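Q: Take 1 as the starting number for the sequence shown in our numbering and just add one per residue. Note that CB positions come from ideal geometry on N, CA and C, so glycine has one too. Keep in mind the model is a prediction, meaning the values are calculated, not measured. Below you'll find the structure I mean.
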Amino acid sequence: MTMNWTIVGTGVIAHEMATVFNKNNREIYGVFSRNADKVKQFATDYGVLHQFNSLDDVFSDDKVEAVYIATPHNTHFDIAKQAIEHGKHVLMEKAITLNKADLDQLEDLAQQHNVILLEAMTLVHMPLAKKVKAMINDGQLGEIKHISVAHGSVKPYDPNNRFFNPDLGGGVLLDMGVYGISGARYFMSDQPDNVQSFVDYAPTGVDEQAVTILHNQAGESAMVSVSLQAKQPKALTISGTKGYITIPEYPRAQSAYFYHVDSDTTESITEGSTENALFYEILDFESIIAEPSSIQNYKTMTDDVFTIFEQMKTSWSQQKSD
């Protein structure tokens with residue numbers, strides 16, 4: 001199915017999404033930003049049919065069927081709430097909300113209004129990740145024992161930018177952390193029931209880096225390391241009794257490596273295309289709208305990740321009080 005999409009926001013990720021629409025010969029119905037010049041330029045660059053300078057205009061347009069929200073995540077809740085209340089389907093950039101309470105409220109609202117709300121968590125829509133998960137479910141890795149995830153960059157410290165500003169939802173958890181925790185949870189067979197996390201704070205008080213250990217009743221553990229001030233390889237490794245699979249550049253990966261214990265050999269696994277990462281989100285989202293019951297696995301994943309976030313914050317509070 002194809003839909004009338006409006007892109008909310010004109011930042012970097014909005015441009016990436018518009019490029020993907022154009023490359024796949026998909027029309028963009030509308031674009032919104034509070035900056036009229038940016039809206040005009042965006043519409044010109046990507047052949048967008050309608051320019052919106054107010055959210056009221058977006059949501060009152062009956063032809064708008066779905067919105068892709070690509071604004072800073074501290075604005076997500078209010079924009080999504082308006083969209084849902086006007087009967088629009090919502091695909092929202094990560095992190096979908098600032099906390100579990102906001103997520104629960106939006107999910108309840110989406111159910112009431114019979115619309116789809118989905119986090120644009122690229123990893124879970126990538127064909128490679130789906131293939132690796134199927135291999136794990138088929139027992140090719142044997143019994144899963146441990147997952148390790150690393151994700152870190154060195155961001156220039158500026159108390160006013162979104163990474164370090166608490167008023168903008170800053171901190172590593174809602175930026176790289178959402179990828180890392182999602183990656184670990186996606187490949188675990190069950191939700192962790194034991195979460196321990198250690199944090200270091202930036203001068204502004206936001207979480208600058210964190211190391212988190214997860215463990216579930218299936219005997220699977222995971223360690224997730226994320227940082228705004230330490231460059232790390234963007235890598236995820238799933239280790240089992242028959243070998244391990246390493247996924248470099250895991251959020252949008254198209255290739256991985258499978259080491260086999262029995263033969264002491266490594267094979268390459270490829271599936272999908274990194275350049276189409278955002279398009280896979282669109283395709284999955286539209287398929288969910290066509291078959292709403294198929295959202296359950298994605299919804300459970302997001303709910304579980306945000307539950308882990310709350311457990312991490314509890315661990316951090318205990319660390320502060322010690």
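#1: Three or more C-beta pairs closer than 8 angstroms, one from the region 120-136 and one from the region 259-272: is that the case here?
#2: Mark glutamine 209 as exposed unless 16 or more other C-beta atoms lie within 10 angstroms of its C-beta, in which case mark it buried.
#3: Please list the segments of the beta strand (DSSP E) lying wholly inside the region 138-168, counting only runs of 3 or more residues, in order along the chain.
#4: Alpha carbon to alpha carbon, what distance is there between glycine 47 and isoleucine 144?
#5: If I follow the unbroken alpha helix (DSSP H) through histidine 113, where does it start and stop?
#6: For phenylalanine 59, which option in Ser221, Pro72, Met121 and Asn4 has the closest C-alpha, if you only look at C-alpha atoms?
#7: Give a yes or no on whether the C-beta atoms belonging to lysine 231 and glycine 177 are separated by under 7 angstroms.
#8: Is it true that the CB of glycine 169 sits closer than 7 angstroms to the CB of leucine 98?
#9: From aspartate 167 to leucine 214, what does the alpha carbon distance come to, in whole angstroms?
#10: Count the other C-beta atoms from every protein chain shown that fall within 10 angstroms of the C-beta of asparagine 276, then say buried if there are 16 or more, exposed otherwise.
#11: Less than 8 angstroms between the CB atoms is what I'm expecting for alanine 150 and serine 225, so what's the real figure, rounded?
#12: Suppose you measure from the CA of isoleucine 247 to the CA of glutamate 220; what does that come to, to the nearest Å?
#13: Taking three-plus beta-carbon pairs below 8 angstroms as touching, is the region 64-84 in contact with the region 7-14?
#14: Can you give me the C-alpha to C-alpha distance between alanine 83 and serine 294, rounded to a whole angstrom?
#15: Just to confirm the assignment, what range does the beta strand (DSSP E) spanning glutamine 196 have?
#16: According to the Cβ coordinates, are leucine 49 and alanine 80 closer than 7 angstroms?
#17: Taking buried to mean at least 16 other C-beta atoms within 10 Å of its own C-beta, is asparagine 137 buried or exposed?
#18: So which of Tyr186, Gln217 and Gln140 has the shortest CA-CA distance to aspartate 327?
#19: Leaving out the 5 sequence neighbours to the left and right, which residues in its chain are closer than 7 angstroms to glycine 243 when beta-carbon positions are compared?
A: Short version:
#1: yes
#2: One-based indexing of the sequence shown puts residue 209 at position 209. The residue is buried, with at least 16 neighbouring Cβ atoms inside 10 Å.
#3: 144-154
#4: For the purposes of this step, residue 144 is taken as the residue at position 144 of the sequence shown. For the purposes of this step, residue 47 is taken as the residue at position 47 of the sequence shown. Distance between the alpha carbons of isoleucine 144 and glycine 47 is about 47 angstroms.
#5: Counted from its first residue, the sequence shown places residue 113 at position 113. No alpha helix (DSSP H) holds histidine 113; DSSP gives it neither H nor E.
#6: Sequence index remark: in the sequence shown, residue 59 carries index 59 (1-based). Closest option to phenylalanine 59, Cα to Cα, is Asn4.
#7: On the sequence shown, residue 231 is found 231 positions in, with the first residue counted as 1. On the sequence shown, residue 177 is found 177 positions in, with the first residue counted as 1. In this structure, glycine 177 does not lie closer than 7 angstroms to lysine 231 by Cβ.
#8: Within the sequence shown, numbered from 1, the residue matching residue 98 stands at position 98. Within the sequence shown, numbered from 1, the residue matching residue 169 stands at position 169. It is a contact, given that the beta carbons lie within the stated cut-off.
#9: Position 167 of the sequence shown holds residue 167. Position 214 of the sequence shown holds residue 214. Those two C-alpha atoms are separated by around 29 angstroms.
#10: Against the sequence shown, residue 276 aligns to sequence position 276. It is buried - the Cβ of asparagine 276 has at least 16 other Cβ atoms within 10 Å.
#11: Along the sequence shown, read from residue 1 onward, the residue named residue 150 stands at position 150. Along the sequence shown, read from residue 1 onward, the residue named residue 225 stands at position 225. Indeed they touch by this definition, with Cβ atoms about 5 angstroms apart.
#12: To locate residue 247, count along the sequence shown from 1; it is residue 247. To locate residue 220, count along the sequence shown from 1; it is residue 220. In a straight line, the C-alpha of isoleucine 247 is about 18 angstroms away from that of glutamate 220.
#13: yes
#14: Here residue 83 refers to the residue found at position 83 when the sequence shown is read from its first residue. Here residue 294 refers to the residue found at position 294 when the sequence shown is read from its first residue. Each residue's Cα considered, the two are about 21 angstroms apart.
#15: In the sequence shown, the residue the question calls residue 196 occupies position 196. Start and end: 194-201.
#16: What you label residue 49 is simply residue 49 of the sequence shown in a count that begins at 1. What you label residue 80 is simply residue 80 of the sequence shown in a count that begins at 1. Their beta carbons are not under 7 angstroms apart, which means leucine 49 does not touch alanine 80 by this criterion.
#17: As a working note, residue 137 is residue 137 in the sequence shown. The residue is exposed, with fewer than 16 neighbouring Cβ atoms inside 10 Å.
#18: Here the chain comprises residues numbered 1 to 322, so residue 327 is not present and cannot be evaluated.
#19: As a working mapping, residue 243 is identified with position 243 in the sequence shown. The residues are Leu141, Phe258, Tyr259, His260 and Val261.
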